[in-house]
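Numbering (the working numbering), first residue to last: 623 to 949. Glycine included, every Cβ here is placed at the ideal spot set by N, Cα and C. Shown next, in structure tokens, is the structure this report addresses.
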């Protein structure tokens with residue numbers, strides 16, 4: 623019931639005060655010449671404010687003692703109510719209550735992403751998802767990161783991302799994708815295997831620190847594999863020889879400007895099916911079409927027809943992109 627050590631400590635103090643008060647009352651009435659059963663009865667009646675018959679026969683000392691016992695009883699009663707109220711509030715607002723509410727929030731997520739771990743790489747991923755208003759949940763086993771995740775206002779679970787139970791609690795059966803960015807390559811491989819077994823269709827992006835891990839992750843079922851060191855090297859090379867290309871990519875990032883690059887997938891039943899590119903994507907610049915069979919068509923002809931399974935990479939402002947994203 624008690625949700626914190628402080629509350630448990632206060633509860634023990636209150637319980638000790640009640641027992642001490644009972645002892646004080648019984649001993650006091652015994653010293654005033656009452657038999658032990660009567661002393662117990664009079665103490666209980668006084669503390670419960672019920673009163674007892676024969677109070678008029680008490681001496682002035684006995685009456686003063688009874689009054690002091692009643693006052694102390696009221697004080698202890700107020701303390702008991704305070705401790706119970708604190709326990710109830712901490713149950714709703716404390717760590718246990720906060721985690722219950724967090725789980726309710728996660729249970730409501732659909733078509734979301736699961737981020738495994740909340741290190742520097744994962745924090746950057748979470749920042750990008752927040753910028754694009756993409757729902758996600760973080761799983762991390764380190765309790766010391768809970769304060770950081772609360773500060774960043776991200777939904778989270780304190781658990782091991784390699785746990786099947788944790789992945790189920792994160793909603794992997796209804797998730798859109800999983801980002802596996804744990805520091806350990808071995809754990810990333812294991813998480814990928816478990817996640818793929820739980821949801822065969824989920825998109826998995828995994829991190830590989832060592833070159834040898836790339837093949838293992840691919841075999842485990844990762845759709846995309848990222849090596850931070852390789853990407854950093856490529857980016858530095860691009861900055862050295864093609865800085866304007868990098869500037870353009872940064873400019874097209876979500877949140878960096880009113881313009882961005884976006885990929886539009888043409889699904890069965892979409893209004894974009896069998897429409898020419900010039901009519902399907904008005905107000906934006908089509909950069910690339912990836913056909914369902916994997917064929918790439920850069921700088922596509924405006925009269926090109928879109929088919930189910932195609933993916934179109936376009937560039938434009940948010941007002942023009944939003945209708946396309948809703949298709």
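Original post:
Nearest CA to the CA of residue 681: which residue from 863, 650, 848?
Top reply: 650
Subject >> Residue range of the beta strand (DSSP E) that includes residue 853 >> reply: No beta strand (DSSP E) holds residue 853; the alpha helix (DSSP H) holding it covers 850–863.
Subject >> Residue closest to residue 840, alpha-carbon to alpha-carbon, out of 814, 858, 831 >> reply: With respect to the C-alpha of residue 840, the residue from 814, 858, 831 having the closest C-alpha is 814.
Original post:
Between residue 826 and residue 836, which are expected to be in contact by the criterion C-beta below 8 Å, what is the C-beta distance as a whole number of angstroms?
Top reply: Not really, about 13 Å apart at Cβ, beyond 8 Å.
Original post:
Between the region 764–779 and the region 795–804, do at least 3 Cβ pairs fall closer than 8 Å?
Top reply: no
**OP:** For residue 858, count neighbouring C-beta atoms within 10 Å of its own C-beta (all shown protein chains included) and say buried if the count is 16 or more, exposed if not.
**Re:** exposed
Original post:
Among 636, 767, 881, 842, which has the Cα closest to the Cα of residue 941?
Top reply: Among 636, 767, 881, 842, the Cα nearest to that of residue 941 is on 881.
Subject >> Cut-off 6 Å between Cβ atoms - residues of its own chain near residue 727, not counting five sequence neighbours on either side >> reply: 777
Subject >> Limits of the unbroken beta strand (DSSP E) element including residue 825 >> reply: For residue 825, the enclosing beta strand (DSSP E) starts and ends at 825–829.
Original post:
Cβ atoms of residue 811 and residue 842: under 8 Å apart, would you say?
Top reply: With a cutoff of 8 Å on beta-carbon distance, residue 842 and residue 811 are scored as near each other.
Subject >> Straight-line gap, residue 763 to residue 781 (C-alpha atoms, nearest Å) >> reply: 4 Å
Original post:
Taking C-beta to C-beta, are residue 910 and residue 928 nearer than 8 Å?
Top reply: no
Original post:
Buried or exposed: residue 661, going by 16 or more other Cβ atoms within 10 Å of its Cβ?
Top reply: buried
Original post:
By a C-beta neighbour count over all protein chains shown, 10 Å radius and 16 as the cutoff for buried, is residue 705 buried or exposed?
Top reply: buried
Subject >> Rounded distance between the beta-carbons of residue 906 and residue 870, thought under 8 Å >> reply: Not really, about 15 Å apart at Cβ, beyond 8 Å.
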